[in-house]
Every structure is written in C-alpha cells, then in structure tokens.
Amino acid sequence: KLTYYTPEYETKDTDILAAFRVTPQPGVPPEEAGAAVAAESSTGTWTTVWTDGLTSLDRYKGRCYHIEPVAGEENQYIAYVAYPLDLFEEGSVTNMFTSIVGNVFGFKALRALRLEDLRIPISYVKTFQGPPHG
Numbered sequence: 028k029l030t031y032y033t034p035e036y037e038t039k040d041t042d043i044l045a046a047f048r049v050t051p052q053p054g055v056p057p058e059e060a061g062a063a064v065a066a067e068s069s070t071g072t073w074t075t076v077w078t079d080g081l082t083s084l085d086r087y088k089g090r091c092y093h094i095e096p097v098a099g100e101e102n103q104y105i106a107y108v109a110y111p112l113d114l115f116e117e118g119s120v121t122n123m124f125t126s127i128v129g130n131v132f133g134f135k136a137l138r139a140l141r142l143e144d145l146r147i148p149i150s151y152v153k154t155f156q157g158p159p160h161g
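Here this note's numbering = 1-based position in the sequence shown + 27.
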C-alpha cells in the first residue's frame, strides 16, 4: 500500500505545496514515483529508526495528493505534494529547502526529478526575518 499517495487528501492553507516533474523508471507507476518523492522528502526512510515509535507518521508525512501527465511529454508527470508546517523549523529557508529537495534527487525509482513550483503559506513566510543587511 502506498501510504504517501493519498488522492483523497484535501490541502490546507497551512500546507507547503510542491509540484515536482517526475520521470519514473520504466515499469514504475507514476503513483509510486510520487509517493516515493513525498516519503523521501518528509518522514520516509529506507531503514527502521528508533524515532518511528515517537511520532505520528500521519501528522508529519508529506502526501502526494495529485498526479497529472505533462502534456506533450512521454512518461513525465507533475506530482503534487503537500507538507505540514510542523515538519519545518520556523524562520529557516535552508531547513525548508533541504527537507523538500535535499535528498530526493537520487532515487532508483526515478529517471529524472525537478521541483517546478512551491507554494509557501503566508503564516510560514512571516517567520522569515529577511537579510541582516539591506
């Protein structure tokens, strides 16, 4: 079961929404590719860790909630992923981008992956202090 692919999920105003262009490896369904991106960029891991029992996966996981084919491109899809704000440190652009794109580009399930768009909620944007000079 692909627990990170949840097409029934309704996004919240407080979710960070990302649109990834994914090109799955031959034989990998787009739903599996989207779920892999959501998992690896949030709470998923390839091994069991001691913190698994401490947190509620459902509360913190990224969710691939929609996939659509890219017009005119064979085997390319836009995978839409929602992330709860609780996953991210307030005021840290570095933390947010490292979490979302820092570890997702080397999957065996994917031939190619690119972040196409990102929607950051105003409530989270307000935690950014801006540059120290200027």
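Don't be surprised by glycine CBs; every beta carbon is placed ideally from N, CA and C.
Have a look at residue i and residue j and give me their C-alpha separation to the nearest angstrom.
i: isoleucine 147; j: threonine 125; result: 15 Å
i: glutamate 117; j: threonine 41; result: 13 Å
i: tryptophan 73; j: alanine 65; result: Bear in mind that a pLDDT of 49 at tryptophan 73, under 50, signals an unreliable position, so the number given afterwards is only what the model happens to contain. Whole-angstrom Cα-Cα distance: 13 Å.
i: leucine 44; j: tyrosine 107; result: 7 Å
i: tyrosine 36; j: glutamate 59; result: 16 Å
i: asparagine 122; j: proline 96; result: 30 Å
i: alanine 98; j: alanine 109; result: 22 Å
i: phenylalanine 115; j: histidine 160; result: 25 Å
i: glycine 157; j: aspartate 144; result: 21 Å
i: alanine 63; j: aspartate 113; result: 20 Å
i: isoleucine 149; j: arginine 90; result: 20 Å
So, are the CB atoms of residue i and residue j less than 9 Å apart?
i: tyrosine 104; j: glycine 54; result: no
i: tyrosine 31; j: lysine 88; result: yes
i: arginine 141; j: phenylalanine 47; result: yes
i: serine 68; j: valine 128; result: yes
Closer than 8 Å: is that where the CB of residue i sits relative to any heavy atom of the ligand PLP?
i: serine 119; result: Inclusion of the ligand PLP in the displayed structure is not the case, the ligand content being empty and no account of it being possible.
With distances taken Cα to Cα, identify the nearest neighbour of residue i among the options.
i: proline 34; options: Val128, Thr154 and His93; result: His93
i: phenylalanine 155; options: Pro57, Lys39 and Val120; result: Val120
i: glutamate 101; options: Phe115, Ala63 and Val49; result: Val49
i: threonine 38; options: Pro111, Ala98 and Gly99; result: Pro111
If residue i and residue j are in contact, beta carbons under 8 Å, what's the gap, nearest whole angstrom?
i: proline 57; j: alanine 136; result: About 11 Å; that fails the 8 Å criterion.
Fully enclosed by the segment 34-65, which beta strand (DSSP E) runs are 3 residues long or longer? 43-51
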